[in-house]
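> Residue numbers (the numbering used here): 10 to 96.
Heads up, the beta-carbon is just placed ideally off N, CA and C, and yes, glycines get one too.
In this text the structure is predicted, and so the values were computed from the model without any measurement.
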Amino acid sequence: MRGAIDKAEIDVLAYMSFPAAHRAKLHSNPLERVNGEIKRRTEVVGIFPNEDAITRLVDAILLEQNDEWAVQCGRYMTLETIAPLEQ
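1. DSSP on residue 39, reduced to helix/strand/coil?
2. Using only the alpha-carbon positions, how far apart do residue 52 and residue 25 sit?
3. Is DSSP giving residue 55 helix, strand or coil here?
4. When you compare the segment 45-59 with the segment 67-77, are there three or more beta-carbon pairs, one atom per stretch, that lie closer than 8 angstroms?
5. The alpha helix (DSSP H) that contains residue 13, what's its start and end?
The structure is reproduced here in structure tokens:
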């Protein structure tokens, strides 16, 4: 067991080589937030008339989230923060 842990150490800690500004986006919290938003909005509707209605709602939620992430991406991944990774 100890050997496996030692071998995995480099892979497990690989994220530490990223700039600190990027590390916050490497966790699953954003995905859990999207899942929670989908659950919240579908519970408001309650009963859907068909599968297409569910698909349209979830698609709209995901498109909205994609737009939010696109705006946020510009805030934390800039050329200045990526430059050290290219060296």
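Taking the structure as given:
1. helix
2. 39 angstroms
3. coil
4. yes
5. 11-21
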